[in-house]
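Heads up, the thing below is written out as structure tokens.
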Amino acid sequence: GRMGEGFELVTPDREFSLGVRVLNQVDFKDFIPNDLDPAISGLYLPRTRFYFSGRLTRPVEYEVSFQRSVEGVLDLLDGFVNFAIDEGFQIKFGRSIVPYSFDWYDHLEPYFITPERSLFPLNLGLSRQAGLMAWGYLGEGRLEYAVGGFSGGSIGIADDNTTRDAVGYLNWRPFLHTDRFPALRFLNLGGSMAGGRSVRPESERPIPFRTSIQSTENSREAAAASITFFDFEEDVRQLGSRFQGALHLAYYGGGWSIESEVQAGRFQYARLGTPIRPEVPVVGYHVTAAYFLTGEEIPDRTTIIPLRPFDPAHGLFGPGAVEAFARISQLHLGEEVFAFELANPADWTRNTYLTDIGFNWYLNRFVKFYVDWQHANFGSPVLVNEADGTRSRHNDLFWVRCQIWF
Amino acid sequence: GRMGEGFELVTPDREFSLGVRVLNQVDFKDFIPNDLDPAISGLYLPRTRFYFSGRLTRPVEYEVSFQRSVEGVLDLLDGFVNFAIDEGFQIKFGRSIVPYSFDWYDHLEPYFITPERSLFPLNLGLSRQAGLMAWGYLGEGRLEYAVGGFSGGSIGIADDNTTRDAVGYLNWRPFLHTDRFPALRFLNLGGSMAGGRSVRPESERPIPFRTSIQSTENSREAAAASITFFDFEEDVRQLGSRFQGALHLAYYGGGWSIESEVQAGRFQYARLGTPIRPEVPVVGYHVTAAYFLTGEEIPDRTTIIPLRPFDPAHGLFGPGAVEAFARISQLHLGEEVFAFELANPADWTRNTYLTDIGFNWYLNRFVKFYVDWQHANFGSPVLVNEADGTRSRHNDLFWVRCQIWF
Amino acid sequence: GRMGEGFELVTPDREFSLGVRVLNQVDFKDFIPNDLDPAISGLYLPRTRFYFSGRLTRPVEYEVSFQRSVEGVLDLLDGFVNFAIDEGFQIKFGRSIVPYSFDWYDHLEPYFITPERSLFPLNLGLSRQAGLMAWGYLGEGRLEYAVGGFSGGSIGIADDNTTRDAVGYLNWRPFLHTDRFPALRFLNLGGSMAGGRSVRPESERPIPFRTSIQSTENSREAAAASITFFDFEEDVRQLGSRFQGALHLAYYGGGWSIESEVQAGRFQYARLGTPIRPEVPVVGYHVTAAYFLTGEEIPDRTTIIPLRPFDPAHGLFGPGAVEAFARISQLHLGEEVFAFELANPADWTRNTYLTDIGFNWYLNRFVKFYVDWQHANFGSPVLVNEADGTRSRHNDLFWVRCQIWF
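In the order they appear, the protein sequences are chains G, B and F. All residue numbers for the first sequence refer to our numbering, where the first residue is 23 and numbers rise by one. All residue numbers for the second sequence refer to our numbering, where the first residue is 23 and numbers rise by one. All residue numbers for the third sequence refer to our numbering, where the first residue is 23 and numbers rise by one.
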């Protein structure tokens with residue numbers, strides 16, 4: 023949860039501050055072929071966010087933020103207080119990002135390489151929850167840790183279904199202060215794990231699995247904005263235990279960003295009115311590489327200040343920063359999903375492979391365009407058009423996102 | 023989309039700014055006769071809005087705004103980036119007002135003459151949608167144009183039902199820089215058109231047609247806040263083509279504001295489960311005139327700074343600005359609406375005539391009261407009381423709105 | 023509606039201002055015993071609020087605010103203009119707190135002694151409504167009055183069910199400017215009353231009565247966050263007359279805060295499809311006492327500035343302010359609720375007694391922790407576990423709230 027800049031109001035003694043930050047994303051998505059249902063080509067507004075954050079005397083930091091997501095209404099995003107006792111030991115209480123998965127916890131959405139997260143964290147990440155968490159940086163920043171208890175639950179924001187979840191995260195940058203391997207200075211490696219138990223079925227079946235949208239509600243709008251490759255039967259609920267772990271390796275340097283993570287989990291489901299409680303193993307991974315063609319170098323995913331900005335008002339006609347990227351991502355669900363009739367094998371698949379190739383154009387530090395070609399391969403035919411029953415083993419998406427962030 | 027003042031935070035180089043604006047409206051509505059259902063006399067909050075806008079280096083402008091409307095929840099209003107390449111060619115990408123109808127596109131709600139728009143744009147305007155639009159001012163401001171593709175859809179804010187809509191708008195002020203006709207300097211004439219196609223029925227029937235509320239949801243609250251004069255049958259959906267055009271003539275000068283617009287459209291509907299796809303022609307117009315009794319003169323609908331403000335704290339006991347207004351407005355639906363059983367002719371009308379007479383009181387530049395008497399005549403009796411079945415050919419509304427806007 | 027501090031933007035002439043204030047509360051609730059349904063121990067976010075307020079020339083004040091509550095979505099909290107003609111006569115128009123009950127009207131939520139209001143105002147208070155109200159302070163602040171008409175309605179924020187409600191409030195501080203009884207300077211005594219009529223049944227049955235949550239929606243989330251001790255049958259609606267009065271006595275001085283209020287009301291209900299329209303008498307009271315162990319003294323419930331703050335960054339390791347508190351609160355419903363089958367006597371109770379004992383820790387002026395032990399006694403067994411049918415005559419709640427407010 024590093025926050026960057028935006029506008030900040032500060033008292034003269036610098037003890038009390040209020041900063042305002044805004045994120046707005048507009049997507050144009052063109053699905054190929056185009057005659058899909060419910061997915062439909064068009065314009066979407068995946069995230070509009072307001073952040074209000076600052077401090078209430080130096081060691082007490084807060085953030086309260088709101089989001090309008092594509093499928094929902096304007097709702098609370100974060101609301102927490104962080105007691106920064108020292109850099110190595112901080113206590114965060116309230117709703118914030120859960121420290122599970124590097125793809126979720128290391129950096130905010132505006133700093134992504136690809137427009138959205140890879141398949142496993144996109145569909146099974148723990149997103150934001152209310153919790154109590156200890157975290158900090160040890161060894162002059164070499165080791166970042168976080169451990170906490172969270173409210174659990176993936177639909178909506180209230181804690182109405184669950185015992186507490188336990189989550190832990192480690193990120194190690196072993197060569198951060200070593201002169202022997204300067205090229206490896208920003209090498210990150212680490213892992214995270216999370217476990218919990220749903221003691222009561224949620225009011226709805228779990229969110230379907232999708233390729234290109236992060237959602238917490240299974241609305242008509244969410245279904246329109248992405249291919250769905252796996253949907254649960256109406257009577258399926260998340261109930262019982264869940265456990266997931268992830269290992270990550272990331273490297274930043276020389277204009278490169280290389281991120282990879284492998285995830286594995288076991289999730290228990292129930293079919294209402296039956297005693298069936300299958301545990302489904304799920305594995306996934308992604309490897310993402312990006313390179314700045316225009317010479318910028320970054321120590322992590324952060325604000326990009328183009329070396330040759332495009333700013334006609336000052337007579338600057340530079341190209342901005344251009345970053346080419348590619349990603350492969352896969353998600354594999356255990357055969358239990360079909361064996362226990364959690365979903366219909368005629369419509370959905372247990373294996374999805376995603377390839378993204380594209381580039382990001384940073385006009386200046388505030389404005390970023392993502393241009394992405396996303397190719398999805400499915401292990402078995404997927405119902406891509408509910409209206410006429412068409413099933414397909416692959417789909418392409420041409421995707422342009424315009425983002426402002428300050 | 024001209025924005026006025028409010029508070030603005032700006033970096034010293036003036037390249038990065040964040041402005042905050044607030045609109046709040048409180049209505050007292052007294053329906054006469056008073057025993058209506060669902061309409062009910064009382065207090066309503068038609069619009070509470072927050073605007074955050076500014077620039078991210080000079081040519082990149084943004085706006086992100088939220089609205090709580092009478093019938094809905096707090097939701098995204100606008101979210102766009104505007105690339106102001108030069109005054110004559112600008113590109114806007116994101117959710118914003120659709121450039122269809124002078125009544126919608128020329129000026130924001132706080133600058134209205136009457137509390138709400140006239141019948142056609144109130145019920146069939148394109149409101150706000152996600153889109154990509156080129157626009158600008160040519161000939162030193164004489165010609166304003168806008169042309170774009172939009173997401174379509176009138177219910178909610180997501181693009182889940184439609185191919186792109188095409189929209190175009192022109193506003194010409196031929197005498198803006200001519201000395202020959204100084205009285206005609208702020209004469210505006212122009213037109214706009216929009217066309218699109220719904221490829222998939224929305225989840226709900228279209229919003230009913232009402233006299234005094236702008237709404238995007240057919241909720242109990244919306245029904246309470248206005249007379250409804252036309253409501254579709256439950257199984258009707260907007261499906262197929264829609265096309266509409268408008269011509270406008272407006273004049274500002276010598277304390278007068280005169281606005282008029284005539285609209286015509288064809289809208290295709292479907293009855294679920296039937297092959298019926300009737301196209302319904304709709305025509306409407308309005309003529310509105312207003313005059314400042316207190317001497318203020320304006321070049322267009324904009325912030326009013328009273329010549330003699332009411333500000334007791336500074337010993338100023340002026341009357342503020344007072345603007346008398348009158349408007350006639352009509353909406354006529356084709357006979358297809360009853361012939362194809364899209365609505366029940368025993369309950370609803372194809373012809374509505376609205377007369378508004380009243381005045382606006384501008385206490386100072388921030389605070390405005392609308393005092394309006396609205397008389398509605400219906401071509402055939404309208405079901406004004408669902409509880410006891412009363413139908414009526416007319417209705418009166420005494421309407422006071424208190425607005426703050428900065 | 024006194025507002026404190028936060029950040030404020032002001033024009034140089036001080037005539038136009040915009041202040042921003044934020045409230046965020048995070049609750050940890052542990053119910054004992056713990057196997058309840060729907061109530062569940064866990065983390066909750068009862069209130070996240072944004073206030074935007076200021077003035078539009080000196081005598082015109084405004085406030086627009088939003089709240090995300092535990093059970094709902096982000097929605098409008100207040101939206102009003104106040105014309106401060108002079109201290110003794112002010113007109114407020116719009117949505118704001120209704121001046122009924124000292125517990126509601128005298129001070130905002132962040133200044134509470136206990137985390138939530140006592141039983142009667144918690145469940146039957148008038149909360150916030152749209153209205154027109156005259157109010158002010160007479161006799162150099164000795165007498166505060168408020169009288170107004172409001173929209174009525176307890177579910178949601180729209181006025182869709184009701185004629186106007188009339189509400190009046192008085193608070194007298196007889197010794198505020200007397201030297202004879204300096205210890206009684208901040209003695210408050212007064213009363214309030216409200217009456218109205220629902221002319222149309224709301225779309226939902228009334229909100230159930232709960233021990234530890236303020237809610238305007240009967241959602242799954244609200245049910246999870248509190249014990250419910252009385253729930254209406256599905257076909258019950260508020261319809262007909264309602265009338266309630268309250269007398270209060272409060273004292274602040276010498277580090278003490280003592281508040282007490284007794285309430286009585288008659289509320290008419292209907293069972294849909296029947297002619298039954300019983301009037302139910304309800305009485306309630308609370309007595310609350312609190313004392314600052316760390317020496318702070320306050321004239322009313324307001325911002326606490328600890329005498330010995332905890333601020334390690336400045337080498338201050340004081341204890342902050344610590345305020346011990348205790349409260350007893352009772353609610354008694356007339357036998358009509360069971361006699362007319364408005365609720366099931368096997369599941370719910372007419373008598374609830376609540377005892378709260380705890381302390382508040384004010385880390386600094388912005389950060390406050392509530393630590394509360396709440397014991398509930400019920401006059402008859404209450405259905406505390408819907409899943410297994412467990413009924414109980416008592417329940418305990420260990421409750422920690424972390425609040426930031428500026």
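All C-beta atoms in this analysis are idealised placements derived from N, C-alpha and C, irrespective of residue type, glycine included. These numbers were taken from a predicted model, which means no experiment stands behind them.
Relative to the alpha-carbon of residue i, which residue among the options has its alpha-carbon at the smallest distance?
{"i": "Arg415(B)", "options": "Ser402(B), Asp97(B), Thr136(B) and Thr70(B)", "result": "Ser402(B)"}
{"i": "Trp383(F)", "options": "Arg349(F), His397(F), Thr412(F) and Ala343(F)", "result": "Ala343(F)"}
{"i": "Ser91(F)", "options": "Glu83(F), Glu131(F) and Glu85(F)", "result": "Glu131(F)"}
{"i": "Arg186(F)", "options": "Phe208(F), Met155(F), Arg202(F) and Phe142(F)", "result": "Met155(F)"}
{"i": "Glu109(F)", "options": "Gln89(F), Tyr159(F) and Thr79(F)", "result": "Tyr159(F)"}
{"i": "Ser220(G)", "options": "Phe332(G), Ala292(G), Trp395(G) and Tyr313(G)", "result": "Ala292(G)"}
{"i": "Gly171(F)", "options": "Phe203(F), Phe142(F), Leu146(F) and Pro121(F)", "result": "Pro121(F)"}
{"i": "Gly430(B)", "options": "Phe134(B), Ser248(B), Phe289(B) and Leu385(B)", "result": "Since the first and last residues shown for chain B are 23 and 428, residue 430(B) lies out of range."}
How about residue i: is its C-beta nearer than 7 Å to some C-beta of chain G?
{"i": "Val258(B)", "result": "no"}
{"i": "Leu294(B)", "result": "no"}
{"i": "Val95(F)", "result": "yes"}
{"i": "Arg195(F)", "result": "no"}
{"i": "Arg423(F)", "result": "no"}
{"i": "Arg90(F)", "result": "yes"}
{"i": "Phe53(F)", "result": "no"}
Leaving out five residues on either side along the sequence, give the residues of the same chain with a beta carbon under 7 Å from the beta carbon of residue i.
{"i": "Leu206(F)", "result": "Phe197"}
{"i": "Ser225(G)", "result": "none"}
{"i": "Phe105(F)", "result": "Pro81, Val82, Gln112 and Ile113"}
{"i": "Ala246(G)", "result": "Pro60, Ala61 and Ile62"}
{"i": "Phe381(B)", "result": "Val344, Glu345, Ala346, Phe347 and Val393"}
Might you give, ordered along the chain, the residues of its own chain that have their beta carbon closer than 6 Å to the beta carbon of residue i, omitting 5 neighbours on each side?
{"i": "Glu319(G)", "result": "Gly277"}
{"i": "Asn193(B)", "result": "Glu166, Asn210 and Gly212"}
{"i": "Ile54(F)", "result": "Asp418"}
{"i": "Glu243(B)", "result": "Val92 and Glu93"}
In chain B, which residues lie with their C-beta within 8 Å of the C-beta of residue i?
{"i": "Val32(G)", "result": "Simply none; closest approach about 12 Å."}
{"i": "Thr70(G)", "result": "Val86, Leu98 and Gly101"}
Who are the neighbours of residue i on chain F, taking C-beta pairs under 8 Å?
{"i": "Phe388(B)", "result": "Phe38, Leu78, Thr79 and Val82"}
Would you say residue i faces chain F, with C-beta separation under 7 Å as the test?
{"i": "Gly342(B)", "result": "no"}
{"i": "Val48(B)", "result": "yes"}
{"i": "Ile326(B)", "result": "no"}
Please list, in chain order, the chain F residues whose beta carbon lies closer than 7 Å to that of residue i.
{"i": "Asp333(B)", "result": "Thr79"}
{"i": "Phe29(B)", "result": "Leu31 and Leu40"}
Skipping 5 residues on each side, what residues in its chain have a beta carbon closer than 8 Å to that of residue i?
{"i": "Ile119(G)", "result": "Gly23, Asp100, Trp126, Tyr127, Ser149 and Arg150"}
{"i": "Asp52(G)", "result": "Ser63, Leu419, Phe420 and Trp421"}
{"i": "Pro367(B)", "result": "Phe360 and Ser402"}
Just checking residue i against the ligand COA - is the residue's beta carbon closer than 6 Å to any of the ligand's heavy atoms?
{"i": "Tyr122(F)", "result": "As far as ligands go, the structure on display features none, and thus does not contain the ligand COA."}
Which residues in chain B have a C-beta closer than 7 Å to the C-beta of residue i? List them in chain order.
{"i": "Leu65(G)", "result": "Ala152, Gly153, Ser173 and Asp181"}
{"i": "Ile320(G)", "result": "Within chain B, no residue comes near Ile320(G); the closest Cβ sits about 20 Å away, beyond 7 Å."}
Would residue i pass as an interface residue toward chain B - the criterion being a Cβ-Cβ separation below 7 Å?
{"i": "Arg349(G)", "result": "no"}
Going by DSSP, what residues sit across from residue i in a beta bridge?
{"i": "Val304(B)", "result": "Gly287(B) and Leu355(B)"}
{"i": "Gln112(F)", "result": "Ala106(F) and Trp157(F)"}
{"i": "Leu65(B)", "result": "Phe50(B)"}
Can you pull the chain B residues whose beta carbon is under 9 Å from the beta carbon of residue i, in chain order?
{"i": "Arg415(G)", "result": "Chain B residues near Arg415(G): none, gap ~24 Å exceeds 9 Å."}
Determine the chain G residues that contact residue i at a beta-carbon separation under 7 Å, and present them in chain order.
{"i": "Val44(F)", "result": "Phe74 and Val86"}
{"i": "Ile229(F)", "result": "Here the premise fails: no neighbours, minimum Cβ distance about 16 Å."}
Who are the neighbours of residue i on chain G, taking C-beta pairs under 8 Å?
{"i": "Gly116(B)", "result": "Asn46, Val48, Leu67 and Cys424"}
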